[in-house]
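Take the sequence shown: its letter number 175 is residue 563 in our numbering, and every next letter is one higher.
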Amino acid sequence: MELRRGLWTTCRVIASDPRLQMLWHLFAEGELTVTECARLMGLSPSNTSFQLKMLRECGLVVSRREKMEVFYRAEANSAVDFAPEVLEALRDCYENAVAFKTLIHHATAFTHERRIEIFRALRGRSLTALALRDATGMSASALCRHLDKLMRRGYVKSVDKSCRIAPPGNALGRALLKLAT
């Protein structure tokens with residue numbers, strides 16, 4: 389089994405309504421078979437199995453086989469970077485009924501390596517766009533594209549012609565920002 393270790397790949401996996409729904413079902417039920425999860429989701433067993441495999445590769449669920457059935461539960465695989473922190477934040481969002489649209493909005497701020505580079509360059513400081521471009525080595529057009537997405541998601545603010553990180557408003561956003569920087 390390949391384990392996906394990058395924060396941005398984990399965020400790509402969780403930026404999905406069906407996969408978040410599956411996690412919510414696992415939080416609620418504790419453990420489900422692929423068949424049970426497929427029935428709850430209204431998906432085919434093969435599609436459900438594929439979606440659960442993606443969550444498992446990111447370390448957000450674990451599985452066990454019992455005869456012909458595979459059981460899944462929401463449990464972090466500590467061998468996968470970021471999994472315990474991300475799963476804890478997602479569980480907090482589940483308990484506080486945070487909307488999937490909000491979670492996807494936050495997760496997509498972290499779905500590209502270059503946006504992670506921007507967060508690291510801005511950690512603890514403000515930078516002009518030119519200084520940020522130099523710090524990240526990005527082209528001006530790539531930097532503008534990624535900064536625009538981060539600003540629209542509320543993670544970067546422009547103050548006095550400089551960019552700085554803005555604190556996010558929910559547990560997932562806070563956890564992802566902490567992991568990115």
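Beta carbons: idealized from backbone N, C-alpha and C, even for Gly.
Whole angstroms are fine: how far does the CA of residue j sit from the CA of residue i?
i	j	result
Gly-430	Val-422	12 Å
Leu-448	Glu-457	20 Å
Gly-525	Leu-535	14 Å
Ala-416	His-493	23 Å
Asn-465	Leu-564	17 Å
Trp-396	Phe-470	10 Å
Ala-530	His-500	11 Å
Ser-527	Cys-481	36 Å
Pro-472	Ser-550	34 Å
Mind checking residue i: buried by the 16 CB within 10 Å criterion, or exposed?
i	result
Phe-438	exposed
Gly-512	exposed
Thr-436	buried
Thr-398	buried
Leu-440	buried
Glu-445	buried
Leu-420	buried
How far does the beta strand (DSSP E) with residue i in it extend, from its first residue to its last?
i	result
Pro-476	With the sequence shown as reference, residue 476 is identified as Glu, and Pro is not the correct amino acid for it. Premise fails: Glu-476 lies in the alpha helix (DSSP H), 471 to 483, not in any beta strand (DSSP E).
Val-458	457 to 461
Between which two residues does the alpha helix (DSSP H) carrying residue i extend?
i	result
Val-450	Note, Val-450: premise wrong, no alpha helix (DSSP H); beta strand (DSSP E) at 450 to 454.
Residue i: which of the options sits nearest, CA to CA?
i	options	result
Arg-400	Met-410, Pro-433, Leu-411 and Leu-443	Leu-443
Checklist entry - If you scan the segment 496 to 563 from start to end, which runs of the beta strand (DSSP E) of 3 or more residues do you find wholly inside it? => result 544 to 547 and 550 to 553
Checklist entry - In the segment 394 to 448, which residue ranges form an unbroken alpha helix (DSSP H) of at least 4 residues, counting only runs that do not cross its ends? => result 395 to 402, 405 to 417, 422 to 429 and 433 to 445
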